[in-house]
Structures are given as C-alpha cells and as structure tokens.
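Reading through the structure tokens given below for one structure.
Next up, the structure:
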C-alpha cells in the first residue's frame, strides 16, 4: 500500500465510537533512544511497520520513504500520534492501538472494521521549531589539490537516500557525475553548503535537514519535509 495511503492519514470516522468509553493505547518500549523527547509541534521522521493482531502486515515504510509527522497536528490517527509522543532520537516502540483510536468501524484495504493495530516504530530524526537547521558533514576520504574557485566547473558523483537509507538516486548508476559551477546556487541549500571547499577525490557524507533540502515542497519521490542523506565524491571531468 502507498506511503500516504489512508492507512496512516487521519480519519474522523472513528470519532463517534470514542465517546462510548475511554480507550487507551499500549506501548512496549524496545529502545529508549537519546536526547530530548519529542513533544507537540515537533516534526518526527518515523520508520514504521503496521500489523494486525494475526501478524499480517498492512503497511510499512521499510522499503520506501519514512513517514514525517508533526506531533499534535492531527496528521495521523490519534493512537499513532499518542504513541510517538515522548519518543527520543533512535527510540523504538511497539504501539498497540484500539479501534477507537485507529479506524473504528471503518474497513480499509487490508484492515477489517474494528481492528486493533500494532505498529513497530523507530524515530529516525526529530526537527524542533526552535532549532536552527544545519547540515552534518563528515569527510570520508581526503582529496588533493585546491578547492574549486568561484565560477569554476567541478564534477561530483552523488548518492542520495532517505534517512532510512532507502535509495532515491545514485549518479554512478548512470555514470554521469553532476557538473557544478562553484558559487552558483541552483541546488538545495544543504547540498551547496556540503560542497564547500571540496577537493578532487574527496568523499563526504552530508545529513541535510528538511529546511535545507526541499522544505514543504514535494519533489518527485521525496515527500514534503523530508531530511536527506548524501554521499558525494568530487571526480575529474568525464
């Protein structure tokens, strides 16, 4: 089923049944994670697999883009939002959601009416409104010579993935490196910053938060507000 299918997106059809009792989710903590817990208005990037009580998988992000959720914004079913609240970076949980906090009496493709839902989730990234976005850069292999000068053309192979390492594009597959004019700002801000002063033969990994990638725009297979990971290598002109 698709990434932004009705399996995760918010539905209001269960609202009437919520009034009948006080349903609660159940959480099994698998891994605590590190750093400050995620709270309302934080944007979390989630790897998830959803299962029915019989173990049947009805949706998963493992081989696609992870899910991006703003906590408390009613972007997802209530039980899923509640289960993510308080998680830390790298944290893992199993969230069991009763029908009243899931899809209630509504039957969806792969989900019978009145189903209890079980989600295995992992927090891959947390973006907080107060944080100033910045890239994380690591030099994997040193290069030689001088960095490119403004106006100079350089060539770069790149591999870009989602933060769950699912591949988006790899220039080496097409054997066509990207040609870049140093100083021109025609690419996403985080990529431009990550290229700064790169030398011939140098390899880098770059983590780019969503604000320095495509932001709220959808770009091909990249959903809105997605952070990205790049591996780049400056090469000779083909």
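Residue numbers (the numbering used here): 1 to 238. Glycine included, C-beta positions come from ideal geometry on N, C-alpha and C. The structure presented is a predicted model; accordingly, all values stated were derived computationally and were not measured.
- In the displayed model, residue 162 falls within a strand according to three-state DSSP.
- Secondary structure in the stretch 73-119: the beta strand (DSSP E) runs of 3 residues or longer, each lying completely within the stretch, are 92-97 in chain order.
- Taken through DSSP and simplified to helix, strand or coil, residue 64 comes out as coil.
- Contact between residue 102 and residue 58 is ruled out by a C-beta separation of about 11 Å, above the 8 Å threshold.
- Annotated as proximal: residue 72 and residue 41, with beta-carbon spacing under 8 Å.
- For residue 170, DSSP records a beta bridge to 159.
- Between residue 230 and residue 158 the beta-carbon gap is near 6 Å, inside 8 Å, which marks them as a contact.
- Counted as a single uninterrupted DSSP element, the stretch harbouring residue 185 is not any alpha helix (DSSP H), since DSSP gives it neither H nor E.
- Just so you know, the alpha carbons of residue 140 and residue 116 end up roughly 46 Å apart.
- In this structure, residue 181 lies away from residue 202, with their beta-carbon atoms at least 8 Å apart.
- Of the residues assessed, residue 191 falls on the buried side of the cut-off, its CB having 16 or more other CB atoms within 10 angstroms.
- With 16 or more other Cβ atoms from the protein chains shown falling within 10 Å of its own Cβ, residue 213 counts as buried.
- In the assembly as shown, residue 177 is a buried residue. Its beta-carbon has 16 or more other beta-carbons within 10 Å.
- Per DSSP, reduced to three states, the secondary structure at residue 231 is strand.
- Taking 8 Å as the cut-off, the Cβ atoms of residue 44 and residue 83 do not count as close.
- For residue 62, the closest of 75, 70, 46 by C-alpha to C-alpha distance is 46.
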